[in-house]
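Right, one structure below, let's go through it.
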Amino acid sequence: MLPEAIILGPLIIKATLVVTIIGLFGGALFLYLTSPLDQEKKKIHMNKVVDGFLYLMIFIIVAKIILNMPLFFEDPVAVLAYPSNSTALYLALAMTIGVMVVSKQKKVMLSGDFIDSLARFIVGSQFIQLFFTLILTTYKVSIYQLGFLFITLLALLFISPASQKQLFGLLILYGVGLFSLSFIDFMPFFGFYVHGLFYLTFSLLGSLFIFLSQKKQESR
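Numbering of the sequence shown is given in the numbering used here, commencing with residue 239 and proceeding in unit increments.
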């Protein structure tokens with residue numbers, strides 16, 4: 239078992255951060271090993287997924303400052319050191335999606351292939367992070383969420399590379415499934431205790447991007 243915090247001189251590393259980093263690396267590996275894209279496209283989409291998560295981490299800090307602006311001017315260290323909450327995550331995600339939509343690479347980032355890559359990365363990372371939280375820490379893990387994510391991972395392995403309809407359906411299942419399970423237990427998103435509607439909204443946005451991407455392809 240990992241201790242709740244690892245102290246390295248003045249640096250304090252929480253066990254939750256360790257398992258989250260393991261999860262993100264595991265998700266990237268799952269994406270690389272299972273993506274149906276060719277090597278060139280796979281590399282492009284992996285870079286964009288990593289860019290998106292880097293944006294998200296930066297915007298979480300920005301959101302935390304915005305939400306605690308009066309305190310930040312009095313004690314900035316306290317604001318930055320205090321853990322972020324789900325409200326900061328929601329605001330950071332809105333900022334990240336906004337950057338993606340207006341970026342020069344939006345054609346790539348809002349394509350069906352990118353949503354497929356993002357889904358593999360997120361579901362893979364979530365499952366691995368929860369699995370290692372279960373075996374390496376004393377924190378509670380929802381077996382319902384862990385089992386559901388495992389089933390979703392298996393489904394991702396059998397999606398036809400050319401079928402965006404299958405991915406569309408799987409995203410809806412992911413959102414509806416975790417939303418429904420949130421009535422039974424907490425369904426955290428990388429340590430953030432989000433509302434069940436978060437998963438539903440997240441999957442609907444991904445499905446919308448797939449739908450729009452498919453319409454553009456059909457109109458050509």
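From the three backbone atoms N, C-alpha and C, an ideal C-beta is built for every residue, glycine too.
Query, Result
"I'd like to check one pair, D354 with S405: are the Cβ atoms closer than 7 Å?", "The sequence shown places Leu at residue 405, rather than the Ser named in the question. Yes, the Cβ-Cβ distance between L405 and D354 is below 7 Å."
"Enumerate, from N- to C-terminal direction, the unbroken alpha helix (DSSP H) stretches of 4 or more residues contained entirely within the region 318-346.", "324-340"
"Given a threshold of 16 other Cβ atoms within 10 Å of its Cβ, counted over all protein chains shown, does G385 qualify as buried or as exposed?", "exposed"
"Going by CA-CA distance only, name the one from V379, I335, L374 and I373 that's closest to F447.", "I335"
"So, under 8 Å CB-CB, Y382 and L419 are touching, yes? Tell me the CB distance rounded to an integer number of Å.", "5 Å"
"Could you give the residue range of the alpha helix (DSSP H) that holds F512?", "Examination of residue 512 is not possible in this model, given that the chain is present from 239 through 458 alone."
"Three-state secondary structure (DSSP) at K252?", "strand"
"Where does I282 sit, in a helix, a strand or coil, going by DSSP?", "helix"
"DSSP three-state call for I244: helix, strand or coil?", "strand"
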